[in-house]
Every structure is written in C-alpha cells, then in structure tokens.
C-alpha cells in the first residue's frame, strides 16, 4: 500500500504561476480527486517516464481531463487526451511557498 | 497544521514531478538550415558575377550571406542540442564531427567569399538533414 503522503519537487513551467520550477509540494495519495485539484499522474500515455503534475479541469466517468495552469507552455490532455483516474498517484495538499527553502 | 506541513516537507525525501511541456519536440526541421546554406551559396555565386562598381548590391549580398550563415549555425545547433539523442549517435557515430564541421563552415562562410566553402556547407547541412530524416522515421 502506498504511503498517505509524498513530497515532489516541480520541474518545468507548465503549472506557472501556481507552481514554480524548484518548488516543492506535498501530495495526499489516498483520497478521491475533484475538479480544480492539482494532481500527480503517472500514465503510459506520457512521453516522460516520471510523474507529471497538472490541474483537473473536468471528470467524465472514470477519466480526468488535465490541463496545466500555464496553457501556452503545457503538454496535457489537450494533446494526450484524458487519463484514467486510477493513474492519479496523489493530489496536492500543500504548496511549499518558500521557494528558497524548497531547494 | 501551519507548522506541521513545513516540518513534514523537510523530513520527506522529494521525487521529481514534471510540469512538462514537450511541444517543441514536434517541430524540429532541418529545412531552415538547408535553405540558409543554399542562400549562402547563392549569395557567393551572385557576388562573383556582380559588376565591380555595384557596391550597393554587393553590400546587400554580403549582409544576406552573413545573416544566413549565422541562421544556419543556429538551426544546426538547435537540432544538435535539442533533437538528436544518444540513440541517434549510436546509429550515426560521426554525427558530432559532422555538426562541428558544419558549424565551422558557417563561420568560414561568414569570413570569406568562397564558393568551395559554400558548397561544402550545403553538403554538410544536407548530410545532417539526411540523418534527421532517417532518425525521425525510426
């Protein structure tokens, strides 16, 4: 069973201005997600092997449609389509706002 | 909660998560470099055929040649640094050497009005484009 919380460090610009590169977040890995949540996803659809972080724009049946807050610099469901809810590994519970302390 | 969260964050090891954007990956193209190298060659040929007193045209052609040699180098470097990957290098082991020589030829063509060098640049860029086309089909 996965732990209830995980910590991630953000790489990339697609969640600006909400999340800056280098900023850390805490995710809760057990609960259900809702529209508006920022989530961490691991999907076979993605080119990157690691997990990605995006915001849930809509939920249709068992699929979530993910979009980056920085829409001009984001590869998300607009490109790779919706992903299964089961591929969400956690939802962001807490943003660590002090970017310097997060390094 | 306010004090607990920063404390938890400090204790936990962090993993990378990507707020990624891979849109540029889809728009690499060697065609700009090829056009630029052909423009350099054309300018050299036109300059050589120019009447000696046509200074105005000469200056314009020098300017176009310089700009396109610079553009060619930039486009080659974008392909080299952003598009080509280690697996491409395994299949085409002389890629680094080829890119390096092509970039040197861009500089040579900025310095000189030399049809042989300009032709070499066109051929070098075409070879890089061939490798690009081969790898983009993989």
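Protein chains in written order, with the working numbering: chain A, 1 to 103; chain B, 1001 to 1138.
No residue lacks a Cβ here, since even glycine has one placed at the ideal position from N, Cα and C.
- For my contact list, residue 87 of chain A and residue 41 of chain A are in at a C-beta cut-off of 8 Å; report their separation, rounded to the angstrom. For residue 87 of chain A against residue 41 of chain A, the beta-carbon gap comes to about 5 Å, under 8 Å, which counts as contact.
- Item | Strand pairing of residue 94 of chain A, partner residues [DSSP] | According to DSSP, residue 94 of chain A bridges with A/26.
- Message: Under 7 Å, CB to CB, which of the residues in the region 57-79 of chain A have a partner in chain B?
- Response: Within the region 57-79 of chain A, those residues whose Cβ lies closer than 7 Å to any Cβ of chain B are, in chain order, 68, 73, 74, 75.
- Using a Cβ cut-off of 8 Å (strictly closer), state whether residue 15 of chain A contacts chain B. By this cut-off, residue 15 of chain A is an interface position.
- Query: Who are residue 58 of chain A's beta bridge partners in DSSP?
  - Reply: Beta-bridge pairing links residue 58 of chain A to A/65.
- Query: So residue 53 of chain A and residue 15 of chain A are in contact, right, with Cβ under 8 Å, and what is the actual spacing, rounded?
  - Reply: Right, the Cβ-Cβ distance comes to about 6 Å (below 8 Å), so this counts as a contact.
- Query: Is the region 1062-1081 of chain B in contact with the region 1030-1042 of chain B, if contact means three or more CB pairs nearer than 8 Å?
  - Reply: Contact between the region 1062-1081 of chain B and the region 1030-1042 of chain B is present, because at least three Cβ pairs lie under 8 Å.
- Message: Could you give the first and the last residue of the continuous alpha helix (DSSP H) run that contains residue 1091 of chain B?
- Response: Unbroken alpha helix (DSSP H) run through residue 1091 of chain B: 1086-1091.
- Taking all protein chains shown into account, decide if residue 1020 of chain B is buried (16 or more other Cβ within 10 angstroms of its Cβ) or exposed. Label assigned to residue 1020 of chain B: buried.
- Query: Sorted by chain position, which residues of the same chain lie with C-beta nearer than 8 Å to residue 63 of chain A's C-beta, five sequence neighbours on each side aside?
  - Reply: The beta carbon of residue 63 of chain A is closer than 8 Å to those of 82, 83, 84, 85 in its chain, skipping five residues each way along the sequence.
- Item | For residue 88 of chain A: DSSP bridge partner residues | According to DSSP, which records beta bridges pairwise, residue 88 of chain A is partnered with A/41.
- Any idea what DSSP makes of residue 1007 of chain B, helix, strand or coil? Looking at residue 1007 of chain B - three-state DSSP - the assignment turns out to be helix.
- Report the neighbours of residue 91 of chain A on chain B: residues whose CB is nearer than 7 Å to its CB, in chain order. Taking the beta carbon of residue 91 of chain A as reference, no residue of chain B falls within 7 Å; the closest one sits roughly 12 Å away.
- Residues that residue 8 of chain A contacts on chain B, provided the C-beta gap is smaller than 8 Å: By Cβ distance, chain B contributes 1014, 1015, 1016, 1017.
- Query: Candidates A/50, A/5, A/39, A/74: which alpha carbon is nearest residue 1010 of chain B's?
  - Reply: Ranking A/50, A/5, A/39, A/74 by Cα distance to residue 1010 of chain B puts A/5 first.
- Test item: CB-CB of residue 1115 of chain B and residue 1044 of chain B under 8 Å: A contact, by the Cβ cut-off of 8 Å.
- Task: Using the DSSP secondary-structure output, state which residues sit across from residue 6 of chain A in a beta bridge.
- Result: Partner(s): A/27.
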